[in-house]
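Sequences listed follow chains A and B, in order. Heads up, the first sequence is in the numbering used here, so the first residue is 178 and it goes up one at a time. Heads up, the second sequence is in the numbering used here, so the first residue is 178 and it goes up one at a time. Heads up, the beta-carbon is just placed ideally off N, CA and C, and yes, glycines get one too. Structure first, commentary second.
Number of protein chains: 2
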Amino acid sequence: MSMNSPFYPVLLAGGSGTRFWPRSRRARAKQVLSLDGEQSMIQQTVQRLRPLARLEKFWIITNDLLSETLQEQLADIPTEHMLLEPAARNTAPAAGLAAFLLERISPDAILGMFPADHVVSDEDKFRDTVRKGIQLASQDSNIVVLGIPPTRIETGYGYVELGSQTAPGVHRVRRFTEKPNQVRAEEFIASRNFLWNSGIFLWKASTLAAAIREHLSETAPFLEQIAAAYGTSKFEAVFAELYPRCENISLDYAVLEPRATKGEHHSNIFCLPADFGWNDLGSWAALYDHQRGASPETNVVDAGGGYTLHADGNYVYAPGRFVALVGVKDLVVVQTDDALLITTRHQSQDVSKVVKHLKDTSREELL
Amino acid sequence: MSMNSPFYPVLLAGGSGTRFWPRSRRARAKQVLSLDGEQSMIQQTVQRLRPLARLEKFWIITNDLLSETLQEQLADIPTEHMLLEPAARNTAPAAGLAAFLLERISPDAILGMFPADHVVSDEDKFRDTVRKGIQLASQDSNIVVLGIPPTRIETGYGYVELGSQTAPGVHRVRRFTEKPNQVRAEEFIASRNFLWNSGIFLWKASTLAAAIREHLSETAPFLEQIAAAYGTSKFEAVFAELYPRCENISLDYAVLEPRATKGEHHSNIFCLPADFGWNDLGSWAALYDHQRGASPETNVVDAGGGYTLHADGNYVYAPGRFVALVGVKDLVVVQTDDALLITTRHQSQDVSKVVKHLKDTSREELL
């Protein structure tokens, strides 16, 4: 891909994820943690996209709490491309703002929206798919979503229903669905016609901007005013005043689902199915699966050495410490300077209840 | 009891207990740990006996690794009363040395032998029993053992079989038994005639010295020579040369069991049964039971705050940290600056296998 490519990666990094407590905190959200290696999740995301775009073309939408850490971790990305949301908002206002900003640079700019906290094991295949998506998105007012072939029955993700095939590896999208219940999820998998919605979208800035104007008619003017103020001395004030007035809604719900109801031949939404070893690492249990991989050793111990006896299926994070596991199974034990989480892999989602308890009891130092 | 009492408490504090790893280490054995409160086990032991003897009458038998910590913890006990074994030896040589030393001070000195790592909840009852034992031991060549009424079938302790009653709360001892197997332990408990051997003995220095001369005829001369050198410039050299040549055997096995075979009317061994809330805290599980006591809260968490959700029966030690327990049962989790132990209450005895592994792999810093 030439360096004059119109491709602009926009990384959504505003989440305050609680699922990796006690490692994740308000100011140390999942995207800035090094969960599975040396680099943080967002550093890995940038690294993965780096061959497709110069660093000056990256944009990051995040929040004030994370900005300092992000500026350290992504020192080569222009700080003026790091937008700090004055209020937490779902994906539609964030993506919309990026669209209006890039539309002013070039209406034909291809905006790629990427969550900043996922892992990908086959980076070449990932980039091949994104390249294909950029090409498809540069035609007409196409919208492209990357779809992940499901590897298990999963009720925690949205799904994309495939329509007709238009080219090898390219399908029209028939429908976007919210997170299904167990029965529907089983039907989805059995049909082989539903893919996981990766949250990765590609479209022209002008296409997305038009979609926001159409589907979020009250919010769009606020975002346009913010984009117009960008680069001026008034920007911060305008951003702070108008962004909180934007509707707090996801891009899927606000734009893609209603758009798809126009019918697959009118909506111009395309899905590129691609199995590039995607994992959103949604819990300690998911991290265990990812880190264990195909290893015959069933304990994943991130520590300064260890010894196991009659112990299986445990995830332990205790940097620098010698960890001894005796007769325990399927536990998750995570230790930080100020906290210790002890749970099971099957209940590791409930860590959000711990965070809720900490909020309820105003333990700010642990949030 | 008058301050001119002939009572001399001798604390056996040489153990290198591994059962509280990772808290216990070679230089931080159980007796110097604060397991169930502010004071260490040996500080509690001294405190408990303090009303019965001036501090100048206490003697401590320990080893070089622990001496510094013990001198800090027991600053008021004369350092010349702290004997550092030049080689690890079982209880017979340690008790014998104390007997020969005290015999030189006064043959009628009453020597009380106390393990330094047990807990007692009813200290008044404990002292009443010891007072009674001192009185009994001061007559003739009586030997007194404190017996604990069993509260469970336990195969980890030696037992004392009671013979005829000679006064209210005083029995002759018929027999000392080694740790029984499960079937015998059940028989012992059912008979109501067997008590746990507390390891607490009282006798005149001359009585114990004579018993050592009789039953350990090869070892006794070494101990007498060491005692004779005490207070001279040669002491350290003599101690270092002769003590390692003493037989490595327990007092129970070397003296009490054979003595008891003379028959209860000739052996002059008496047992004072007393239920003073004794617990030898032999494992993390035992500490859990002790700390939990009669509390309806089933988790024992020694930490800087905590939150539990569907969690029962866990013991956690993580000083200063906020501990979250979610959906876990009967675990033992112990965290120190350099190590993290994760096991279950039922397998917490197996921590000795961790220590063995550390020895085998020369992880000296963790031992």
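Going by DSSP, Lys309 of chain B is part of the alpha helix (DSSP H) stretching over 300-314.
The shortest CA-to-CA distance from Ala382 of chain B to any of B:Ala276, B:Gly483, B:Leu372, B:Leu449 is the one to B:Ala276.
At a Cβ-Cβ threshold of 8 Å, Ile377 of chain A and Phe447 of chain A do not count as neighbours. When the alpha-carbon of Leu385 of chain B is set against those of B:Gln221, B:Lys207, B:Leu433, the nearest one is in B:Leu433.
Beta-bridge pairing by DSSP links Gly346 of chain A to no other residue.
Uninterrupted beta strand (DSSP E) stretches at least 3 residues long and entirely within the segment 365-396 of chain B occur at 371-381, given in chain order. Among the residues of chain A, those whose CB is under 7 Å from the CB of Gly504 of chain B are Thr520, Thr521, Gln524, Asp527, following chain order. Where Pro435 of chain A is concerned, there is no enclosing beta strand (DSSP E), although the alpha helix (DSSP H) around it starts and stops at 434-437. Of the candidates A:Val478, A:Leu508, A:Asp514, A:Ala488, A:Val478 places its Cα closest to the Cα of Phe499 of chain A. Taking a Cβ-Cβ cut-off of 8 Å, Arg469 of chain A has no neighbours in chain B, whose nearest Cβ is about 17 Å from it. Contact annotation, Asn425 of chain B with Asn319 of chain B: C-beta distance approximately 28 Å; criterion of less than 8 Å not satisfied. As for any alpha helix (DSSP H) of minimum length 4 sitting wholly inside the segment 411-451 of chain A, the runs are 412-419, 434-437, 441-444, ordered along the chain.
Following the DSSP letters along the chain, one finds Glu262 of chain A inside the beta strand (DSSP E) bounded by residues 259-262. One finds nothing in chain B with a Cβ atom closer than 9 Å to the Cβ of Lys356 of chain A; even the nearest lies about 23 Å away. Secondary structure of Ile403 of chain B (DSSP, three-state): helix. By the Cβ neighbour-count rule, Gln208 of chain A is buried, with 16 or more other Cβ atoms within 10 Å of its own. CA-CA distance, Ile238 of chain A to Leu210 of chain B, rounds to 52 Å.
Rounded to whole angstroms, the gap between the alpha carbons of Asp457 of chain B and Asp515 of chain A is 32 Å.
Neighbours of Arg498 of chain A across chain B, judged by C-beta separation under 7 Å: Asp515, Ala516, Leu517. For Pro496 of chain A, no alpha helix (DSSP H) encloses it, and the DSSP letter there is neither H nor E. Short of 6 Å from the beta carbon of Ser244 of chain B, and not among the five residues preceding or following it, lie these beta carbons of its own chain, in chain order: Leu261. When rounded, the separation of the alpha-carbon atoms in Ala480 of chain A and Gly497 of chain A is 5 Å. Looking at the backbone, the Cα of Ile366 of chain B and that of Pro326 of chain B are separated by about 9 Å.
For Leu543 of chain B, the closest Cβ of chain A is nearer than 8 Å.
Just so you know, the alpha carbons of Glu541 of chain B and Thr513 of chain B end up roughly 16 Å apart. In this structure, DSSP gives Gln524 of chain A a helical state, which the three-state scheme calls helix. The DSSP-derived three-state label of Tyr334 of chain B is coil.
Lys506 of chain B sits in a strand when the DSSP states are folded into three classes.
By the beta-carbon neighbour count (other beta carbons within 10 angstroms, threshold 16), Pro186 of chain B is buried. Judged by beta-carbon spacing, Val321 of chain A lies within the 8 Å limit of Gly310 of chain A, meaning their Cβ atoms are closer than that value. The residue among A:Gly335, A:Gln342, A:Ala405 with its C-alpha nearest the C-alpha of Ile282 of chain A is A:Ala405. Neighbours of Lys530 of chain A in chain B, taken as residues at a C-beta separation under 8 Å, are given in chain order as Leu486, Val503.
For Leu508 of chain B, the residues of chain A that pass the 8 Å Cβ criterion are Val505, Leu508, Ile519, in the order they occur in the chain. In the DSSP assignment, Arg361 of chain B is bridged to no other residue.
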